[in-house]
Structures are given as structure tokens and as C-alpha cells.
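The next block holds one structure in the form of C-alpha cells; read it before the comments.
Number of protein chains: 2
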Amino acid sequence: MPRWRHPRPNLPLTADDDVEMHTAAPPTPDLAALLPPAVCVLGLGLIGGSLARALRGRLPVSGWSPTPATRDAAAADGLEVAASLPSALRQAVRDDALVVLASPVTTFRSLLRDVAQHAPEVRLTDVASVKAAVAEEVSQITPGARYIGSHPMAGTAESGWAAGSPDLFRDAAWVTCLTEDTDVADWASVAALALSVGSRVVPAEPAAHDSAVARISHLPHVMALALAQVGAQGGALALSLAASSFADATRVAGTRPELIRAMCETNREALTDALDDALGLMGVARGSLASTGSLFKLAEGGHAARGRFEVRGDGMVPMTLSGDDMVDQLLAVGAAGGYVTGLSGAGTEFQVRAWYPDQE
Amino acid sequence: MPRWRHPRPNLPLTADDDVEMHTAAPPTPDLAALLPPAVCVLGLGLIGGSLARALRGRLPVSGWSPTPATRDAAAADGLEVAASLPSALRQAVRDDALVVLASPVTTFRSLLRDVAQHAPEVRLTDVASVKAAVAEEVSQITPGARYIGSHPMAGTAESGWAAGSPDLFRDAAWVTCLTEDTDVADWASVAALALSVGSRVVPAEPAAHDSAVARISHLPHVMALALAQVGAQGGALALSLAASSFADATRVAGTRPELIRAMCETNREALTDALDDALGLMGVARGSLASTGSLFKLAEGGHAARGRFEVRGDGMVPMTLSGDDMVDQLLAVGAAGGYVTGLSGAGTEFQVRAWYPDQE
């Protein structure tokens, strides 16, 4: 595979991390050819509404929400809104559209029954923050769907149609799931969609995704909730002294509890493992502090780990993937901390441009 | 006590929290009269160096550091630097100066022996992040010193003389310690110092301070260290997906391990209690997640607690304290989440202006 040096491309971090961003390239003609013929977004909250806006002008987009007020607001903003879920799905079949499940994950079972009835072989993806459980539901309820699980790692504290922004996905990681059975052409159309809205595409197996997000998203929510309570138990004096370390560490405890629960409870198994790891480290530190008075091990280990987080994405090199073991190559890129920034091809022959940690 | 309404004065939060700040008033003639005749700062790192700069032009300031390069840098910036620790302390006695211990808390035992030898009845304060242990050391080693423990809740990621800024303490909480034996005149001179550099003064008993900071500062460090490790254990995929929730929650794990240890290990008892509370909440949540699949209790409790943090300081009213139970009144203000913004008086008669949560 060809390799060449590039001036220190970092993984994009959040804006306040103040690092140079590696912005995804604007869609190329190659990429446009891989987009699905149309997109039908089911659920028009922050993510669904942002996706509909981001795709406007690139391909035909329609949508549907179970909430009449949301449908009215989206229609007033110019979105083509279906009159009912069955009509949305039947139209998707006629258009060969990609159906995007963008409502809360707890609603998927019901939606999938409609998919099975009205669009059993449709192109299908979702944007939920857990992937193995959704893949399992899809295979049970509508096994004929051409399903590629996905998860754009983007969000704000806001929610609802009005909060949506066409720029929400720019420079965000967008996980796209693959297994050994995946049809690369189906994956390519979902990956092309994510690339076309400015995301970097991270290929991953569903279980690997769930384990990763349990550690870097769901566990931080659980720990923020616990810390917020321990702080408040200190009373008014403690809260009046709390400064940026407490404010930052508890920020996500301000997220609506039902959203935190939907995310964490759906990823119960992986989150339990991550929680056990955290409880183990904190329990050992507690024992060490109480017996010898030392926090040496936790302080050194935690500081080194934060250092690894801070340099992730340093020393990446671009590469091009091709060949008939594409699923394995893509999964290797994601597992190594790499990501996809472009693709071209058709049928079973694709060329994928990716950034990959330099092994030298 | 007189009370009146004021348009929603918030406790100052960190700058990025984007709330209106209640800025301390500039020093008044009353306040200037309460300042000590001079200040001698022992330890010229971030806090000591910032304090020396903030006081410049207000009263005579001198300093000393055990590190020759630091002494040279401070002298080059115009600070009067003592040739040795004994000469710094003897000069402090001649000037009736307030001696400020601003070096790492692990050096205090040695410094206090010099205080006992060269300035046994000097005005004395410190800026360490633990207070009961330091008060105990002072009472053992130099019991004649007129000691008032203090803790400015200010800092940056930087350290050393060069990192100092005269604005470091502006709008920060500055804890000043009181016990039933405290001479209010000694407290008033330390409080005047803190007010004169723009801090809001929070009166507290040493043990109450230690318990509070264990919960809102030391525990956040411990949890950040643990979370950073659990995230990194997820490998390159997990780190590449980590976004703002992980970045914010692990930020303080980037602090130098020896600084975290000095802070946490010195406050071992209170931190162990706080850690036990966190382990209890997380352990119960883990059990609930694994057995019933629900995070209801933690999600609701943690969200409500974060809400209490976000509204701390709302609905404060100004009041004036006076009378001969001043220690009790001051401690009541701090315990309720209030703070001192001004004072005047002399001898045993002081008038203290404070903000206090509205009880109505």
C-alpha cells in the first residue's frame, strides 16, 4: 500500500481542545456516485433533523416523525414530510432510498415491524449509540433489510428539530459497522453519506463499538452522575467552592436523565464491564490511600492514560485500501484508531482512502 | 440585619461557564487599613508568584524561594527577594509582615521549624489545599504564631514563577479558616488580603474545608485518573471515538501526578470518605444495571445534584455582620454557601459585608 508523510494530521477533537483539525474533503464526484438515490429519515430530533438539513441539495430527502408538531415544523422548514410511517416506507421502496432510524433506540422495535411489513428489503441504517443490540433486533424482525448500523458521535446539549444544524457532523467520528457478512456496497453507501456531511468514518464491529463507547461515553456519564451527588452531599459550602474541575467532570450529568438512561441501559453488558474496571481501579486506590496513604499507582497510571488520549491521532499516515478482503482491511483501520476519509468504486471493487497510525 | 434584594448575583464560576460574574469591589480605604503592614511570600511558584504580583503597589512585598533560579527570576521582575529563609523571617518580624507559606504542603514542616526559630509570633497564613493537617502542624511546631489557614481556589495548568498572574485570584473563592479560638483581627488581615486581590472570601472551619474540597476537587481528580485508564484500556478504537464527555471528564488527569498526590494524600481522611460515597453510589448503580437493567436512581439523583450545583449562588442577598459572636456569624455565612465581600473596623469590632442565600 502506498504511504507518504503528512504534516501531523490530528484526529479532530472538540473545538475547545484547540488542536488543528483535519477536515474531511468536500464530496467528490466519486463519492456522489456512491450515495444512495434518496434518504428517508425516521425521527426528526437533533440528529435526524441535522442530517436532513446537511443532505439538503445533495440528494432527495424526506422524513417522518411520530409527533405532529415536529412534522409541521420540519415541513415549514421545507422538508418533504410523509403523511404516515407506512407511506414513508413505501415511498422509500419506490425511491430505493436509505431509511435512517433516527428516533430513540427504545422505539426501534416498533419501527422495525413497520419496515418488515412495508419495506422488507430496504436499505437501512440507524444512528443509535449502541450497535450490537440493534443489529440483533434488525436480524430478528426484518432480516431481509440491507442494514448497516452506524453511530455519528455528534451532539449538543439541545434536542428537537429546532436544535438541528447542517454542520453538526462536520469533523465528528461516524462509526459504520461491519461484520464478515457485510455487503461492502451497502457499507459504501452509508459511509458515503457520512463522508458527504463532513464526518470521518470509523469502521468497527458492533460489539467493539459498544465496548468502546461504554468506556468513553457511557461510563463518563455514570461517573459524572455519581460525582455530582457526592459533591452535593457536601452541602452549600462544597458547592460554593466547586470550580472548573467539578464543573467539567459533572457537565454531562446535566443531560436529561431519560436520554442518559436510554443510552446506558441499552448498552448494559459493555457498560457493566467498564463500570467494573472503574470500580476496581477506584477500590484499589481507596485501599492504598487508607492503608499506606499513597495514590502513586492511580496517579501515574491515570496520567499516562490521559497522555495517550491527548496524542491519539498523532503520526497518522494516509493509505489506500483495495482488494477483496475489504471488510478485514476496514476493520483493521478502525481498530487501530484510524478512519476513512474518501472512497470510490462500484459493485464489489472499491478504493478506500484512510488515515492510519504510522507503525514505524 | 439589614437585607435587600439584588438582581440575581451569581457566585462567580469559571470563565467558560458563561454566567454573569459578581466582581469583588476594588479595595476601599477601610480595607486598606486592615491589610498587614507587609507581606513575605515563601515559595514563588504559580500561587506565590501571582500573589506577589497582585499585591505589588498596595503594600511592601518580599519573597523567598529555595530555588536559586526562581529567586533570580523573581528579583529580575522587581520583587524584593531575601538572601536566605532566616533573613526573610527576621525581616518579617521587623516589618510585622504576614508570612505566606506558598510552597508545596510537603515542605511546610521544615519551613515551620524555621518560623518557630526566627519568627515565633509572626502573622502566618498558607495557601495549601488542605487545612486541618496544616493547622495541626502549626500548633505543634510554632504554637505562638498568629496563624490563619487559607486556601485560594485558583490555579491554571501552568506552574512556576513565570506562570504567575496578578489576576489569578480575581473572582475566585478564597477560603479563610476560623475556629472558636480565632482572633478576628488576625482573620481580618488575611481576609483583607484576599479581598484586595479580588477574591470572594469564604469562611470555614478547617475540617469543613477539607471535607468540601475532598468532594469537589480531590475526588474529581481521582475519578478522572480512573476514567482515563478505563478509556485507554479500550484501546485505539475507544480513544479515537472519545469526544467532549471523555475529554472534559479526564482533563485534570493531565495535571502532574506529584501535584495530584500532594493534594490528595494530604487530605487522606476526608478523601477516603468521599471515595467511599462515590464507590457506594457506583456500586449500587452497577448492581441495579446488572440485575434490573435500570439506572433510574443514579440518573435522577445525579441530574438533580448537578442542578443544585448549577443554581448555587442564585438568590443571594447582601447582609452586614457585626457584634461579638463574629466567628459564629462568619462560619454560618460560609456553611450556607455565602461569602464575604468587604470588611471594616479594628481591634475587636468589625463590620463584615457578606452575601448570603436568601432564606425566604
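Residue numbers (the numbering used here), protein chains in the order written: chain A, 1399 to 1758; chain B, 1399 to 1758. Glycine is no exception: its CB is placed at the ideal position from the N, C-alpha and C atoms.
Asked, Found
"Would you call the region 1626–1638 of chain B in contact with the region 1522–1531 of chain B, where contact means no fewer than 3 C-beta pairs closer than 8 Å?", "no"
"Name the residue from 1551/B, 1470/B, 1622/B whose alpha carbon lies nearest to the alpha carbon of residue 1599/B.", "1551/B"
"What does residue 1675/B touch in chain A if you count any residue whose Cβ is under 9 Å from its own?", "1624, 1627, 1628, 1631"
"Please determine, among 1715/A, 1591/A, 1733/A, the residue with the shortest C-alpha to C-alpha distance to residue 1605/A.", "1733/A"
"Along the region 1731–1751 of chain B, what residues have a CB closer than 8 Å to any CB found in chain E?", "Absent from the structure: chain E. Protein chains present are A and B."
"Measure the Cβ-Cβ separation of residue 1679/B and residue 1696/B and say whether it is below 9 Å.", "yes"
"How would you list, in chain order, the residues of chain A whose beta-carbon sits under 9 Å from the beta-carbon of residue 1527/B?", "Result: empty, since nearest Cβ-Cβ is about 11 Å, beyond 9 Å."
"If you measure from the beta carbon of residue 1438/A to each beta carbon in chain B, is any gap under 9 Å?", "no"
"My understanding is that residue 1787/A touches residue 1496/A, with C-beta atoms under 8 Å, so please give their C-beta distance in whole angstroms.", "Outside the modelled stretch of chain A, which goes from 1399 to 1758, sits residue 1787/A, for which no answer is possible."
"Buried or exposed: which applies to residue 1682/A, given that a residue is buried once 16 or more other Cβ atoms fall within 10 Å of its Cβ?", "exposed"
"Taking 9 Å as the CB-CB cut-off, is residue 1707/A touching chain B?", "yes"
"Taking the alpha-carbon positions, what's the residue 1710/A to residue 1634/B distance?", "8 Å"
"Would you mind telling me which residues of chain B sit closer than 7 Å to residue 1469/A, beta carbon to beta carbon, in chain order?", "Those within 7 Å of residue 1469/A in chain B number zero; the least Cβ separation is about 29 Å."
"Do you know offhand how far residue 1534/B's Cα is from residue 1426/B's?", "34 Å"
"Please tell me whether residue 1577/A and residue 1563/A are closer than 9 Å, where the distance is taken between their beta carbons.", "no"
"Residues of the region 1660–1674 of chain A with a CB closer than 8 Å to any CB of chain B: list them in chain order, please.", "1662, 1663, 1666, 1669, 1670, 1672, 1673, 1674"
"Name the two residues that bound the continuous alpha helix (DSSP H) containing residue 1670/B.", "1666–1689"
"Out of 1517/B, 1667/B, 1728/B, which has the shortest C-alpha to C-alpha gap to residue 1719/B?", "1728/B"
"How is residue 1751/B classed by DSSP in three states: helix, strand or coil?", "strand"
"CB-CB under 8 Å to residue 1429/A, same chain, minus the five flanking residues each way: which ones, in chain order?", "1590, 1593, 1594, 1740, 1741, 1742"
"Tell me the residue span of the alpha helix (DSSP H) that contains residue 1724/B.", "1724–1733"
"Taking 9 Å as the CB-CB limit, is residue 1656/A close to chain B?", "yes"
"Quick one: residues in its chain with C-beta nearer than 7 Å to the C-beta of residue 1636/A, no 5 flanking neighbours on either side, listed in chain order?", "1629"
"Taking the CB atoms as reference points, tell me whether residue 1692/B and residue 1507/A lie closer together than 9 Å.", "no"
"Relative to the C-alpha of residue 1597/B, which residue among 1583/B, 1614/B, 1586/B, 1565/B is closest?", "1565/B"
"Would you list, in chain order, the members of the region 1688–1703 of chain A that have their beta-carbon closer than 9 Å to a beta-carbon of chain B?", "1688, 1691, 1692, 1693, 1694, 1696, 1697, 1698, 1699, 1700, 1701, 1702, 1703"
"Going along chain B, which residues have a C-beta under 9 Å from residue 1505/A?", "Here the premise fails: no neighbours, minimum Cβ distance about 17 Å."
"Run through the DSSP bridge pairs and tell me what residue 1742/A is partnered with.", "1749/A"
"Cutting at 8 Å between CB atoms, please list the residues of its own chain near residue 1581/A, excluding the five before and the five after it.", "1544"
"Would you mind telling me which residues of chain A sit closer than 9 Å to residue 1711/B, beta carbon to beta carbon, in chain order?", "1637, 1638"
"Does residue 1716/B have its Cβ less than 9 Å from a Cβ in chain A?", "no"
"Going by DSSP, which residues form a beta bridge with residue 1602/A?", "1575/A"
"Cβ atoms of residue 1641/A and residue 1614/B: under 9 Å apart, would you say?", "yes"
"Whole-angstrom Cβ separation of residue 1511/B and residue 1539/B, contact assumed at under 8 Å?", "6 Å"
"From residue 1725/A to residue 1747/A, what distance separates their C-alpha atoms?", "12 Å"
"Just to make sure I have the definition right: I need the residues of chain B whose C-beta is within less than 9 Å of the C-beta of residue 1724/A. Which are they?", "Those within 9 Å of residue 1724/A in chain B number zero; the least Cβ separation is about 18 Å."
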